[in-house]
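J.: Sharing a structure with you now.
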Amino acid sequence: MLRDAVRYWPNGALLVAAAIAPASPAHSQAPDGSLPGAPEMRAQQPLEPHAQATADGSLWQRDRLFGDPGGFRSKLQDAGFTITLQETSEVLGNVTGDATGAVYEGATLAALQIDTAKAIGLPGGTFRVSMFQIHGQGLSDGTIGNLNTVSNIEAAPGSRLFDLWYEQAMFGGAVSLRLGQQAADEEFQVSTYGGVFINASFGWPTLAAEALPGGGPAYPLAALGGRLKVQPRDDLAILVGVYSGSPAPDGQNDPQLRNASGTSFVLDQGVFVIGEVQYAINAGDKAAGLPGAYKLGAWYNSNAFPDQRYGADGLLLADPASSGVPLSHSGNYSVYAVADQMVWREPGTSDRGIGVFARVTGSSGDRNPVSAFFNAGATWKGAIPGREDDTIGLGIGVARISDNARAADSDVAHFSGAAYPQRARETVLELTYQAAVTPWLTLQPDFQYIFNPGGGSPNVSNPARKQADAAVLGLRGVVVF
Numbered sequence: 062m063l064r065d066a067v068r069y070w071p072n073g074a075l076l077v078a079a080a081i082a083p084a085s086p087a088h089s090q091a092p093d094g095s096l097p098g099a100p101e102m103r104a105q106q107p108l109e110p111h112a113q114a115t116a117d118g119s120l121w122q123r124d125r126l127f128g129d130p131g132g133f134r135s136k137l138q139d140a141g142f143t144i145t146l147q148e149t150s151e152v153l154g155n156v157t158g159d160a161t162g163a164v165y166e167g168a169t170l171a172a173l174q175i176d177t178a179k180a181i182g183l184p185g186g187t188f189r190v191s192m193f194q195i196h197g198q199g200l201s202d203g204t205i206g207n208l209n210t211v212s213n214i215e216a217a218p219g220s221r222l223f224d225l226w227y228e229q230a231m232f233g234g235a236v237s238l239r240l241g242q243q244a245a246d247e248e249f250q251v252s253t254y255g256g257v258f259i260n261a262s263f264g265w266p267t268l269a270a271e272a273l274p275g276g277g278p279a280y281p282l283a284a285l286g287g288r289l290k291v292q293p294r295d296d297l298a299i300l301v302g303v304y305s306g307s308p309a310p311d312g313q314n315d316p317q318l319r320n321a322s323g324t325s326f327v328l329d330q331g332v333f334v335i336g337e338v339q340y341a342i343n344a345g346d347k348a349a350g351l352p353g354a355y356k357l358g359a360w361y362n363s364n365a366f367p368d369q370r371y372g373a374d375g376l377l378l379a380d381p382a383s384s385g386v387p388l389s390h391s392g393n394y395s396v397y398a399v400a401d402q403m404v405w406r407e408p409g410t411s412d413r414g415i416g417v418f419a420r421v422t423g424s425s426g427d428r429n430p431v432s433a434f435f436n437a438g439a440t441w442k443g444a445i446p447g448r449e450d451d452t453i454g455l456g457i458g459v460a461r462i463s464d465n466a467r468a469a470d471s472d473v474a475h476f477s478g479a480a481y482p483q484r485a486r487e488t489v490l491e492l493t494y495q496a497a498v499t500p501w502l503t504l505q506p507d508f509q510y511i512f513n514p515g516g517g518s519p520n521v522s523n524p525a526r527k528q529a530d531a532a533v534l535g536l537r538g539v540v541v542f
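Have a look at this one:
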């Protein structure tokens with residue numbers, strides 16, 4: 062399903078989060094009281110505005126490029142309406158490997174969020190609608206062919222509706238219900254510290270993106286569904302989401318093309334259910350210890366999934382005598398765990414310091430090309446004196462090819478009598494630096510090295526050998542208008 066789904070992004074480099082308002086520090090509790098690393102908005106949050114940032118004022122101090130002309134933005138917000146326009150653009154180049162080259166890609170986010178208490182007097186309500194205009198060409202899909210997509214904004218070009226939901230908070234905010242078109246990667250399987258990275262595998266995990274139809278309800282395809290959140294204590298939250306089993310109508314071509322406008326509103330493609338328990342330690346400004354967030358979760362999809370090695374006729378798929386129709390399995394599942402922990406904090410600050418993260422997810426190997434995925438890393442906000450709002454990060458992501466898929470490669474070599482590489486795992490290393498140039502502009506130079514693209518899949522021009530490793534250099538810029 063490598064070409065079927067483009068993995069998404071989450072916090073730090075920020076493609077959507079500014080969609081609501083200036084974000085909270087990535088290392089502290091979210092402003093709405095949700096657990097660290099599980100904010101109510103998309104995990105990929107923008108940098109914290111400088112302390113002196115204002116709605117208007119000088120070009121270098123305002124929190125939006127266009128400021129607050131005539132107080133218009135402030136008046137809208139006072140009435141409950143928050144409008145966001147944001148552009149993420151980047152240039153990425155593969156400087157080594159079998160296919161070198163550079164690409165430009167970008168994604169423009171437009172969003173409207175309505176606080177119904179202010180707008181119509183309905184307490185606890187939030188309505189949100191957003192869309193993306195995606196432009197340019199992706200490096201993974203067009204050049205490298207790797208599993209851990211190089212950019213978390215890579216997607217098929219076009220204009221697409223994304224969010225269209227209403228959320229109602231109840232019992233003083235301890236319970237909330239969200240209904241409509243939404244994305245599970247906004248709240249589930251999220252690592253806050255992992256969000257500073259550009260590679261998509263640090264957002265929606267590669268295993269889910271490869272296993273689920275259409276990549277699951279995650280950027281760039283949201284899905285109809287509902288999410289219930291119960292937070293009985295400040296340090297504990299339980300989330301359950303039920304979504305359409307596929308964000309795109311049934312078909313053989315790219316799911317992003319089958320739901321090109323984001324308005325298919327699919328309801329006949331099974332069901333996707335995900336649940337997560339979140340526990341926070343030392344949350345809040347008054348906590349003496351270092352903050353952390355720990356999560357356990359699982360998901361299930363009710364659709365049919367093809368076996369990676371055997372056919373419906375009982376023969377190996379690589380056997381010339383086989384019909385070539387894979388054995389079908391009913392349903393698919395995964396379990397996962399996420400940990401975010403601050404390990405050192407600069408004295409006198411709330412969010413500057415070093416944070417580490419780790420995330421692991423696993424699934425059955427008979428019906429999934431990737432049966433296990435792991436990533437981990439560290440970030441340091443304020444590492445360079447005088448650049449207190451900048452963040453540097455070093456991370457690793459590993460996608461393990463399932464035993465059945467690996468065995469299928471051996472079967473191909475056996476029946477063809479020719480050399481054929483056996484896939485094993487794909488590993489990505491990323492070093493990135495997110496610089497807050499102004500409160501409304503961030504620049505992010507980035508380096509990634511990809512070992513065994515595609516897990517060691519065959520070279521297109523010479524199937525007897527695997528693809529060469531790839532080194533990627535890039536620069537991302539984000540402007541909040």
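Going from the sequence shown to my numbering is simple: count from 1 and add 61. The beta-carbon is built from N, C-alpha and C at its ideal position, and this holds for glycine as well.
According to DSSP, what are the bridge partners of H390?
T.: F366
J.: Where does R448 sit, in a helix, a strand or coil, going by DSSP?
T.: Reduced to three states, the DSSP call for R448 is coil.
J.: For the pair the stretch 211-220 and the stretch 150-162, tell me if three or more CB-CB distances fall below 8 Å.
T.: yes
J.: I'd like the list of long-range same chain contacts for K356, defined as Cβ closer than 6 Å, with 5 residues on each side in sequence excluded.
T.: Non-local C-beta neighbours of K356 in its own chain, meaning closer than 6 Å and more than five positions away in sequence, comprise E337, Q339 and V399, ordered along the chain.
J.: Give a yes or no on contact between the stretch 445-452 and the stretch 488-501, applying the rule of three or more CB pairs nearer than 8 Å.
T.: yes
J.: By DSSP's criteria, I415 is part of a beta bridge. Which residues make up the other side?
T.: W405 and W441
J.: Near V236, what residues of its chain come up, given a Cβ to Cβ distance below 6 Å and the 5 sequence neighbours on each side ignored?
T.: Setting aside the 5 residues that flank it on each side, V236 is surrounded in the same chain by V291, each with a C-beta closer than 6 Å to its C-beta; the list follows chain order.
J.: Hey, which unbroken runs of the beta strand (DSSP E) at 3 residues or more fall wholly within the stretch 196-282?
T.: Runs of the beta strand (DSSP E) inside the stretch 196-282: 219-231 and 236-243.
J.: In terms of alpha-carbon separation, which member of E491, Y481 and I445 lies closest to A52?
T.: The requested residue 52 does not occur in the structure, where the chain is confined to residues 62 to 542.
J.: Judging by CA-CA distance, which residue of S135, A160, G375 and Y165 is the nearest neighbour of S522?
T.: A160
J.: Where does Q113 sit, in a helix, a strand or coil, going by DSSP?
T.: Low local confidence applies: a pLDDT of 43 at Q113 is under 50, so the model's placement there is unreliable, with the coordinate-based value given in what follows. Coil.
J.: Short of 8 Å in beta carbon distance, which residues of its chain neighbour L61, apart from the five on each side in sequence? Order them along the chain.
T.: The structure shown does not extend to residue 61, since the chain is modelled only from 62 to 542, so the question has no answer here.
J.: Residue range of the beta strand (DSSP E) that P293 falls in?
T.: According to the DSSP assignment, P293 belongs to the beta strand (DSSP E) that extends over A284 to R294.
J.: Looking at F127: is its Cβ nearer than 8 Å to the Cβ of A168?
T.: no
J.: Tell me which residue opens and which closes the beta strand (DSSP E) that L504 is part of.
T.: L502 to F512
J.: Could you check the C-alpha separation between G302 and D427 for me, to the nearest Å?
T.: Using only the alpha carbons, I get a separation of about 26 Å.
J.: In the structure shown, what three-state DSSP assignment does L455 receive?
T.: strand
J.: How many angstroms separate the CA atom of G277 from the CA atom of N320?
T.: 13 Å
J.: Who are the near neighbours of G538 in its chain, counting only those whose CB is closer than 6 Å to its CB and skipping five residues on each side?
T.: S150 and L504
J.: Output the boundary residues of the alpha helix (DSSP H) element that contains Q317.
T.: Unbroken alpha helix (DSSP H) run through Q317: P316 to R319.
J.: Determine the extent of the beta strand (DSSP E) in which R486 is found, giving its start and end residues.
T.: R486 to T499
J.: Pick out whichever of A379, P430 and G275 has its Cα sitting closest to the Cα of G515.
T.: P430
J.: Can you check which of these residues, A531, P524 and P506, is closest to N513 by C-alpha distance?
T.: A531
J.: Mapping the DSSP letters down to three states, classify K527 as helix, strand or coil.
T.: strand
J.: Counting Cβ pairs closer than 8 Å, one from the stretch 468-488 and one from the stretch 365-380, do we hit at least three?
T.: Contact holds: three or more Cβ-Cβ distances are below 8 Å.
J.: Taking 8 Å as the cut-off, decide whether the C-beta atoms of V257 and D224 are in contact.
T.: no
J.: Only counting the same chain, and skipping five residues up and downstream in sequence, which positions put a Cβ closer than 6 Å to that of G141?
T.: The answer, listed in chain order, is I175, D176, K179 and A180.
J.: Since T210 and S201 are thought to touch, with beta carbons under 8 Å apart, how far apart are those beta carbons, to the nearest angstrom?
T.: That pair is a contact at about 4 Å.
J.: Measure the alpha-carbon distance for E621 versus S463 and round it to whole angstroms.
T.: Summary: the structure shown does not reach residue 621, with the chain confined to residues 62 through 542, and so no result is reported for it.
J.: Taking A469 as part of the alpha helix (DSSP H), name the residues at either end of that continuous run.
T.: Boundaries of the alpha helix (DSSP H) around A469: D464 to S477.
J.: Whose C-beta lies closer than 6 Å to the C-beta of F188 among residues of the same chain, with five residues either side of it excluded?
T.: I175 and Y227
J.: Is P316 closer than 8 Å to P287 when the C-beta atoms are compared?
T.: Correcting the residue identity first, residue 287 is Gly in this sequence and not Pro. Going by C-beta atoms, G287 is not nearer than 8 Å to P316.
J.: Which one or two residues does DSSP pair with S191 in a beta bridge?
T.: A172
J.: Determine the closest residue to F366 out of G392, G162, A341 and P352, with distance taken between C-alpha atoms.
T.: G392
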